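Asks: Residue numbers (my numbering): 349 to 1207.
Ideal placement from N, C-alpha and C gives every residue a C-beta, glycine not left out.
As the structure is a prediction and not an experimental result, all values here were calculated from the model.
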């Protein structure tokens, strides 16, 4: 009865999902774009004025782009669904003094929950009992090893979630031991619920490219409207028929607006997505492709991203000397090598190391799957089993040879674990644990095959070695043994024989250091954000080059001491953030972005999800990443390789460079058309091109070469340049000058061709055909100059972009069809012209190409 009342009061123990937008809302969202609104108005006017074909074509373009936008948005984030799937399906609780198994959704605050190895934690719990309890919290805290829990632990008020050793959290997994605790929070009130709340609060933002294109569209639309109003006023003042004035205004709107631009951008970004798949990156959102190119900060998780997430023994101290262990990760490849500066033949063979390694394998519950290169069990114990494999010891074989008779499990009070084995008709107890605790329990040491008293000098030497390991951010374990007379009368872990220390670490990925160096060369700042300890994070940061001179490390408690304004300045020099909560991660991302930086955030855990959504581009790990992280991200790395992020950044730069190329190309074409009609009207000439001809040029002549420019191969040295300024407009000063020169050249050529046609043929239809042919060829030829903003056409391989060659040839063939095929002539207001006439127009058409090359000189 009490449980039901609390369930009614607090609600079911589940994550609540916010309703998404309806299909109608998504469709209406697509019509907010200023360019789209102008196109719709132009199409309606065209249809009203009986120009049904023109209006229908424009509407078709609008609806195609709308469909593409809705399809993309329909793949919206399912992060909360993934979070809900992580919730425990059932829970063991004690109610009315009886152990009951109930649905996790029925758990209420105040329930007494029982936890055992393999259980999902059903809610946030304050532990009341714990016995050797370890919980895997990597997805929530970023810790690379299971968290040891102690119901009696006292936690500081300001401690981060990773230090709450007396609590267990919803959706984490019990890996060892057992415990009991009182439920403190359920559903959206839990730690994972707060992450779900943050995910809801993070609204999807427009990408940099979307913002720039939107701004560009508004400016272009306003200019277009102003010019149309001027032309309308001139026509009205001159007393021309209203129908003709409206048609002229529609023609200008069609000429000014690059109808093919949204489609070209979409296709180029989609092709970029396909190329990235080959480079082990899956892009979920089209705009993310371009955003990568302007990235100035890459904020990366440590565990599993910069490191291998495979705890590995790297150093041994046998009481007399240090030994280096080669090989990283869960592989038997590697050796144990003395660090003494002497020829290898003079290095003594340490019996102590041999016995130490054997002790680590026997006093152990983990298993090493050699073929799969993986371990089952605690990562720390797994590291010892892998160390044994490097020495030639197979755990299963050793256990058969030296069967385990008895064990004293690890607990947080003793900080020791011991196992007893039968060995050649005697019993040996092997013990491992914290170095200082091991030393307290040791009376002897094993050196050179002999048992000797453990002197104070030897203890000091061991303590120095422990300190040295700690300074290297190694996780250190001590190992010892002793013979016992009878198993039945198992003595305490006293008067042990010290064997040595092992230092282990989650090693950096081999390729991470090179990738970080490439980031710095490209002007990108790599930042590590982790839930791990500050010492460990700093050591890894220095090892792979993230931390350099004058760069700092900060932990979660230090972050809390800064105001937002002070923290905004601090993030400029901090390169490693340790012991951070999900809230800290979001604050870090927001602080960096507030400085005008473009931030990519990588991660694999539930704790990374809010920051992944807050960043300009979220990057999730495909192998080790949780579903929550994947759904919250914009990009997924299929190989979990930090290097792939840098590859993706390069691809993003290539794409943005190509977008600039085709935007410049399209604008010069459209502004050239606008100048053509505007000047003709000012001079009192007939309209040189009818709307259907302008639509043909914009959709056929311009769009296909623009597609081709969008897939242009990368230019040399693209990763040696600093990231472009995010505030920099797509059309900067140098591009504006180039567009101006090329537009004027196109307009002059088209006007000259119009007059030439009027002179040769003597009819407006002939003049329009002449203008149409010259303008189409001029734009096609100029596309070759647009392949590079800086390099001369003479220095480029004319055959390296086959798509452009096919596009130009195809467009020329279609042009011939429109001009010379009789049934197409009335549709496009054209007429056949002589070959000599065509030859003169070809010469005219080369002028814009020359203008494009001249424009490069001004850059």
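1. In the DSSP output, what is residue 715 paired with across the bridge?
2. According to DSSP, simplified to helix, strand and coil, what is residue 428?
3. Got a sec? Which residues, its chain only, sit under 7 angstroms from residue 696 by beta carbon, not counting five neighbours each side?
4. Which residue comes first and which comes last in the beta strand (DSSP E) that contains residue 923?
5. Could you tell me the distance, in whole angstroms, from the CA atom of residue 1000 to the CA atom of residue 637?
6. Taking the continuous alpha helix (DSSP H) assigned at residue 1031, which residues delimit it?
7. Out of 786, 1117 and 470, point me to the one whose CA is closest to residue 667's CA.
8. DSSP on residue 1213, reduced to helix/strand/coil?
9. Would residue 1115 and residue 1053 qualify as a contact pair, given that the criterion is a beta-carbon distance under 7 angstroms?
10. Let me check one thing: in DSSP terms, what residues is residue 948 bridge-paired to?
11. Check each candidate in 631, 379, 453 and 646 and name the one with the smallest Cα separation from residue 870.
12. Exposed or buried, which one is residue 1140 when buried takes at least 16 other CB atoms within 10 Å?
13. With a cut-off of 8 angstroms, do at least 3 Cβ pairs link the stretch 527 to 547 to the stretch 470 to 478?
14. Just to confirm, are residue 1019 and residue 1091 a CB contact at a threshold of 7 angstroms?
15. Is residue 881 helix, strand or coil by DSSP?
16. Note down the Cα distance separating residue 997 from residue 866, rounded to an integer number of angstroms.
17. If you reduce the DSSP assignment to three classes, tell me which class residue 828 lands in.
18. Alpha carbons only, please: which of 1152, 480 and 978 is nearest the one belonging to residue 956?
19. Give a yes or no on whether the C-beta atoms belonging to residue 971 and residue 988 are separated by under 7 angstroms.
20. Looking only at C-alpha atoms, which of 916, 995 and 735 sits nearest to residue 673?
21. Terminal residues of the continuous beta strand (DSSP E) containing residue 447?
22. Taking the continuous beta strand (DSSP E) assigned at residue 778, which residues delimit it?
23. Does the stretch 1162 to 1179 touch the stretch 1099 to 1115, meaning 3 or more C-beta pairs lie closer than 8 angstroms?
24. So what does DSSP say about residue 1091, is it helix, strand or coil?
25. Can you give me the Cβ contacts of residue 766 inside the same chain, cut-off strictly under 6 angstroms, excluding the 5 residues immediately before and after it?
26. Can you tell me whether residue 857 is buried or exposed? The criterion is at least 16 other CB atoms within 10 Å of its CB, across all chains shown.
27. For residue 815, report the span of its beta strand (DSSP E) as first-last.
28. What separation, rounded to the nearest whole angstrom, lies between the Cα atoms of residue 732 and residue 969?
29. Here's a check: name, in chain order, each residue in its chain whose Cβ is nearer than 6 angstroms to the Cβ of residue 434, leaving out the five neighbours to either side.
30. Specify, as a first and last residue, the run of the beta strand (DSSP E) that residue 526 falls within.
31. If we ignore side chains and look at the alpha-carbon of each, how far apart do residue 407 and residue 1056 end up?
32. Should residue 361 go down as buried or exposed, given a rule of 16 or more other Cβ atoms within 10 Å for buried?
33. Grab the span of the alpha helix (DSSP H) containing residue 671 for me, first residue to last.
34. Can you have a look at residue 882 and say buried or exposed, based on whether 16 or more other CB atoms are within 10 angstroms of its CB?
35. Nearest to residue 1214 by CA position, among 507, 726, 568 and 462, is which residue?
36. Taking buried to mean at least 16 other C-beta atoms within 10 Å of its own C-beta, is residue 1121 buried or exposed?
Replies: So, from the data block:
1. Under DSSP, residue 715 forms a beta bridge with 724.
2. In this predicted model, residue 428 has a pLDDT of only 37, less than 50, meaning its place in the structure is not dependable enough to derive any value.
3. Caution applies to residue 696, whose pLDDT of 48 falls short of 50 and renders its modelled position unreliable; the value that the coordinates give is listed next. Listed in chain order, the non-local C-beta contacts of residue 696 below 7 angstroms within the same chain number zero, local neighbours out to five positions each way being set aside.
4. Residues 922 to 926.
5. Across the structure, residue 1000 and residue 637 are spaced so that their CA atoms are roughly 5 angstroms apart.
6. Element bounds for residue 1031: n/a, residue is neither H nor E.
7. 786
8. Since the first and last residues shown for the chain are 349 and 1207, residue 1213 lies out of range.
9. no
10. According to the DSSP secondary-structure assignment, residue 948 is paired through a beta bridge with 646 and 965.
11. 646
12. exposed
13. yes
14. In contact: residue 1019 and residue 1091 (Cβ atoms closer than 7 angstroms).
15. coil
16. 11 angstroms
17. strand
18. 978
19. yes
20. 735
21. 446 to 451
22. 775 to 781
23. yes
24. helix
25. 756, 777, 779 and 841, listed in sequence order.
26. buried
27. Segment 804 to 819 is the alpha helix (DSSP H) holding residue 815; no beta strand (DSSP E) there.
28. Their backbone Cα atoms lie some 27 angstroms apart in a straight line.
29. A caution first: residue 434 carries a pLDDT of 43, below 50, which makes its placement in the model unreliable, though a value can still be read off. If we look at residue 434 and ignore the five residues flanking it on each side, its Cβ neighbours are 519.
30. 521 to 533
31. 25 angstroms
32. buried
33. Taken as a continuous stretch (DSSP letters only), residue 671 belongs to no alpha helix (DSSP H), being part of the beta strand (DSSP E) at 670 to 673.
34. Buried.
35. What the structure shows of the chain is the stretch from 349 to 1207, and residue 1214 is not part of that stretch, so it cannot be assessed.
36. buried
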